[in-house]
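Colleague: Each residue of the sequence shown is one higher than the one before, starting from 411 at the first, in the working numbering.
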Amino acid sequence: MKSLLTLFLGILLTAGVLNVQAQNEWDLQTCFDYAIENNIQIKRQEVTTRYNETLVKQAKDDKLPNLNGQVSNDFSFGRSLTYDNTYDNINSASVAGGLSTSMTLYNGLTLSNTVKMRELDLQATMADLQKTKDDIMLSISAEYLEILFAEELELVAEATIEVTKQQIERTKQLVDAGSEARGALLEIEAQLAREELDLVNAQNRVQLAYLNLYQYLELPMAESFKIEKPVLPEIQANLTMINAYDVFSTAINVRPEIKAAQLRVESASKQLAIAKGNRYPSLSFGANYYNQYNNQYKDIYGDKIDLGEQLKNNSRSSLGLTLSVPIFNRFQAKNNITTSELQIADYEYQLQQSRNVLRRDIEQVYTNALAALNRYLSSEKAVASMKEAFRYTEEKFNVGMINSVEYNQSKTNLTNAQSDLVQAKYEYIFRTKILDFYNGVPITL
Numbered sequence: 411m412k413s414l415l416t417l418f419l420g421i422l423l424t425a426g427v428l429n430v431q432a433q434n435e436w437d438l439q440t441c442f443d444y445a446i447e448n449n450i451q452i453k454r455q456e457v458t459t460r461y462n463e464t465l466v467k468q469a470k471d472d473k474l475p476n477l478n479g480q481v482s483n484d485f486s487f488g489r490s491l492t493y494d495n496t497y498d499n500i501n502s503a504s505v506a507g508g509l510s511t512s513m514t515l516y517n518g519l520t521l522s523n524t525v526k527m528r529e530l531d532l533q534a535t536m537a538d539l540q541k542t543k544d545d546i547m548l549s550i551s552a553e554y555l556e557i558l559f560a561e562e563l564e565l566v567a568e569a570t571i572e573v574t575k576q577q578i579e580r581t582k583q584l585v586d587a588g589s590e591a592r593g594a595l596l597e598i599e600a601q602l603a604r605e606e607l608d609l610v611n612a613q614n615r616v617q618l619a620y621l622n623l624y625q626y627l628e629l630p631m632a633e634s635f636k637i638e639k640p641v642l643p644e645i646q647a648n649l650t651m652i653n654a655y656d657v658f659s660t661a662i663n664v665r666p667e668i669k670a671a672q673l674r675v676e677s678a679s680k681q682l683a684i685a686k687g688n689r690y691p692s693l694s695f696g697a698n699y700y701n702q703y704n705n706q707y708k709d710i711y712g713d714k715i716d717l718g719e720q721l722k723n724n725s726r727s728s729l730g731l732t733l734s735v736p737i738f739n740r741f742q743a744k745n746n747i748t749t750s751e752l753q754i755a756d757y758e759y760q761l762q763q764s765r766n767v768l769r770r771d772i773e774q775v776y777t778n779a780l781a782a783l784n785r786y787l788s789s790e791k792a793v794a795s796m797k798e799a800f801r802y803t804e805e806k807f808n809v810g811m812i813n814s815v816e817y818n819q820s821k822t823n824l825t826n827a828q829s830d831l832v833q834a835k836y837e838y839i840f841r842t843k844i845l846d847f848y849n850g851v852p853i854t855l
C-alpha cells in the first residue's frame, strides 16, 4: 500500500512539473549525448579505463633505470675513526651522501610482456566502456519509444472518448424525442466513464515512461523535458528484414563485448609468457656514487681538511652487472604457469559464452521483430475491418436496430484493435533498430 501511494504521489509530482515548467524538446540523440556525459555507470567505467591507462604507463616506465639518493648525518662521541684510518678519542659530526641507479637488461622478457598485457587490458576496458554506452543507449531508445507508444495510446483513448461524447449527444436527442429508452443513454454514459478511466491510465503510462527515461539519464524531474516526436518509418507488407545469421556474422566482428572477451584471452596469453619468463635468469646493471664530510678530519700536520678537499678525496663510485639465476623458488614459477594456463582456458570459455549470448540475443530479437511485423499487418487489417464494422454498427444503433450494449462492444473491439496495432508498430520499430545496432548501424529515429 505504501509503495502504491509513493507511486501515485510520484505521478502527481511529475505531472505537476510537466505542466508548470516551460520545457525544451529533446530528440533521441540529445538524450544519448546527455546520458554519455552524466550517467554514473559510464563515469565509473571511464574511471576504470583511466586506471588501466595508468597501469600501461607504469609498465612502460618500469623499463627505465631508477635513481635514488641518500644523505645521512652522524654525531660520534668517544673513540671514532679518523681520516688516517686510526681511532682517536674525539667528538665529531659527519655528513655522508650518495646516488645509486639500476636497470634491468634482461629478465625473460617479462617487462615487455607486461607492457603488452597491460595494453590489452586497457583495450578490453575501453571495449567494456563502449558496451556500457551501448546498453545505456538501447535502454534510452526503449524508453523513448515507450513514451511515443504511450502518447499514441493516449490519442486513441481521447479519440474514443470524443466518439462516445458525440454519440451521447445524439442519444440524448433521441431520448428527448421519445425514440430511445433512457437506459440506452445510461449505458453509453457508463461506457464514457470507463473510457475516461482508460484515458487516465494512458496518461499515467506516459508520465511513468517519462520518469523512467529521466532516471536512465540521471536527470532530476525538476529538469524535465518533452521528447521530440520523430517521423517514424512506414511499415509495409513487402518489408524484408536482414537475416539473423547475417546480423550475427557482422556483430561478431564489431560488438564491443566480443572484442573485450577476445582481448582478455590475448592478455591471459601474455600473462602466461610472463610466468614462463620468471624461470629464466635475469641480468641487471647497477652504479653507485658515495661521498662524505667530517668536521674533525685532519691531515698529517694536524690541520683540518676543508670541505672541498674531503669531497675530492672521499669520493667513491662503482658500477657492475648482476646475474640472478633462479634455482629453487618453492615451485612458484611452475604453479604460476599452471594458473595462467587455467586462466586462458577460462577466458576462452567466456569468449565462447559471449558469442553464444550474442547469437541467442540476435535470434530472439529477429524472431520478435518478425512476429511484431506479422502482428502489425494482421492488426492493420483488423483495424480496417473493425472501423467498417463499427461504422455499420453505429448506423444501426442510430436507427434503433441494435442496443447500446452491442454498440459499446463494437467500439471496444475497435479500440482494442487500434491499441494492438500501435503496440505492434512500436515493437517492430524497436526490434529492427536493435538488429540495425547489432549490424553496426547507429540508432536514429
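Where is the CB? At the ideal position from N, CA and C, for every residue including glycine.
Check for me: the alpha helix (DSSP H) holding Thr-749 runs from which residue to which?
Modeller: That run of the alpha helix (DSSP H) goes 742-808.
Colleague: Rounded to whole angstroms, what is the Cα-Cα separation between Arg-454 and Asn-462?
Modeller: If you take the alpha carbons of Arg-454 and Asn-462, they lie about 13 Å apart.
Colleague: Give me whichever residues DSSP pairs with Gln-583 in a beta bridge.
Modeller: Beta-bridge pairing links Gln-583 to no other residue.
Colleague: Report the three-state DSSP secondary structure of Gln-480 (helix, strand or coil).
Modeller: Gln-480: strand per DSSP, three-state reduction.
Colleague: From Gly-507 to Asn-499, what does the alpha carbon distance come to, in whole angstroms?
Modeller: Roughly 25 Å between the two C-alpha positions.
Colleague: Per DSSP, which residues does Leu-693 bridge with? Please list them.
Modeller: Beta-bridge pairing links Leu-693 to Tyr-516 and Leu-733.
Colleague: With 16 as the cutoff for other CB atoms within 10 Å, does Gln-819 come out buried or exposed?
Modeller: It counts as exposed.
Colleague: If you reduce the DSSP assignment to three classes, tell me which class Val-641 lands in.
Modeller: Coil, per DSSP.
Colleague: Roughly how far, in whole angstroms, is the beta-carbon of Ala-678 from the beta-carbon of Ser-750, given that I think they are within contact range, below 8 Å?
Modeller: Indeed they touch by this definition, with Cβ atoms about 7 Å apart.
Colleague: Let me confirm a value: Thr-464 is counted as buried when at least 16 other C-beta atoms fall within 10 Å, else exposed. Which label applies?
Modeller: With fewer than 16 Cβ atoms within 10 Å of its Cβ, Thr-464 is classed as exposed.
Colleague: Look at Phe-807 and Leu-824 and say whether their C-beta atoms are less than 8 Å apart.
Modeller: No; because the gap between Cβ atoms is not below 8 Å, this pair is not in contact.
Colleague: When the distance is taken between beta carbons, is Asn-448 closer than 8 Å to Leu-627?
Modeller: Yes.
Colleague: So the alpha helix (DSSP H) Asn-448 belongs to, where does it begin and stop?
Modeller: It spans 438-448 - the alpha helix (DSSP H) in which Asn-448 sits, taken as one unbroken run.
Colleague: Residue range of the alpha helix (DSSP H) that Ser-820 falls in?
Modeller: Element bounds for Ser-820: 814-848.
Colleague: Who are the near neighbours of Ala-683 in its chain, counting only those whose CB is closer than 6 Å to its CB and skipping five residues on each side?
Modeller: Asn-523, listed in sequence order.
Colleague: Starting from Asp-498, follow the beta strand (DSSP E) in both directions and report where the run begins and ends.
Modeller: 497-499 is the extent of the beta strand (DSSP E) around Asp-498.
Colleague: Just mark Gly-593 as buried or exposed, buried being the case when its beta carbon has 16 or more other beta carbons within 10 Å.
Modeller: By the 10 Å Cβ count, Gly-593 comes out exposed.
Colleague: Run through DSSP, which three-state label would Thr-464 get?
Modeller: In this structure, Thr-464 counts as helix in the three-state DSSP scheme.
Colleague: If distances are taken between C-alpha atoms only, which option among Tyr-699, Asn-688 and Gly-687 comes closest to Leu-477?
Modeller: Among Tyr-699, Asn-688 and Gly-687, the Cα nearest to that of Leu-477 is on Tyr-699.
Colleague: Tell me which same chain residues have a C-beta within less than 6 Å of the C-beta of Ser-490, skipping the five on either side of it?
Modeller: Hits under 6 Å: Ile-500 and Ser-502.
Colleague: Relative to the alpha-carbon of Thr-492, which residue among Gly-696, Leu-629, Gln-702 and Leu-521 has its alpha-carbon at the smallest distance?
Modeller: Comparing Cα-Cα distances from Thr-492 to each of Gly-696, Leu-629, Gln-702 and Leu-521, the minimum goes to Gln-702.
Colleague: Please report the Cβ distance between Glu-605 and Thr-570, rounded to the nearest whole angstrom; I am assuming they are in contact, meaning their Cβ atoms lie under 8 Å.
Modeller: At roughly 5 Å, the Cβ-Cβ gap stays under 8 Å, so Glu-605 and Thr-570 are in contact.
Colleague: So Ser-490 is in the beta strand (DSSP E); what residue range does that whole segment cover?
Modeller: 489-491 is the extent of the beta strand (DSSP E) around Ser-490.
Colleague: Of the residues Asp-437, Leu-519, Leu-565 and Leu-532, which one's Cα is nearest the Cα of Gln-828?
Modeller: Ranking Asp-437, Leu-519, Leu-565 and Leu-532 by Cα distance to Gln-828 puts Leu-565 first.
Colleague: Confirm, please, whether the CB-CB distance from Glu-553 to Ala-619 is below 8 Å.
Modeller: Yes. Within cutoff.
Colleague: Give me the DSSP bridge partner(s) of Arg-592.
Modeller: Looking at the DSSP assignment, Arg-592 forms no beta bridge with any residue, so it has no partner.
Colleague: In angstroms, rounded to a whole number, what distance separates the CA positions of Ile-367 and Ile-645?
Modeller: The structure shown has nothing for residue 367, since the chain only spans 411 to 855.
Colleague: Should Ala-697 and Leu-729 be called a contact, given that it needs their Cβ atoms to be closer than 8 Å?
Modeller: Yes. Within cutoff.
Colleague: From the DSSP output, in three-state form, read off Arg-528 for me.
Modeller: Helix.
Colleague: Is Ser-694 closer than 8 Å to Thr-514 when the C-beta atoms are compared?
Modeller: In contact: Thr-514 and Ser-694 (Cβ atoms closer than 8 Å).
Colleague: Exposed or buried, Ala-432, counting other C-beta atoms within 10 Å across all chains shown (16 or more means buried)?
Modeller: Bear in mind that a pLDDT of 41 at Ala-432, under 50, signals an unreliable position, so the number given afterwards is only what the model happens to contain. By the neighbour-count rule (16 or more Cβ atoms within 10 Å), Ala-432 is not buried but exposed.
Colleague: Measure from the alpha carbon of Leu-509 to the alpha carbon of each residue in Gln-762, Arg-726 and Tyr-757, then state which is nearest.
Modeller: Here the closest residue by C-alpha is Arg-726.
Colleague: Would you kindly work out how many angstroms separate the C-alpha atoms of Thr-496 and Lys-708, rounded to a whole number?
Modeller: If I take the Cα positions, the gap works out to 12 Å.
Colleague: Taking all protein chains shown into account, decide if Ala-632 is buried (16 or more other Cβ within 10 angstroms of its Cβ) or exposed.
Modeller: It is exposed - the Cβ of Ala-632 has fewer than 16 other Cβ atoms within 10 Å.
Colleague: Measuring CB to CB, does Leu-768 end up less than 8 Å from Ala-661?
Modeller: Cβ distance < 8 Å, so Leu-768 and Ala-661 count as in contact.
Colleague: Which residue wins for smallest C-alpha separation from Ser-734, given the options Asp-484, Asp-756, Ser-692 and Thr-854?
Modeller: Of Asp-484, Asp-756, Ser-692 and Thr-854, the residue nearest in Cα terms is Ser-692.
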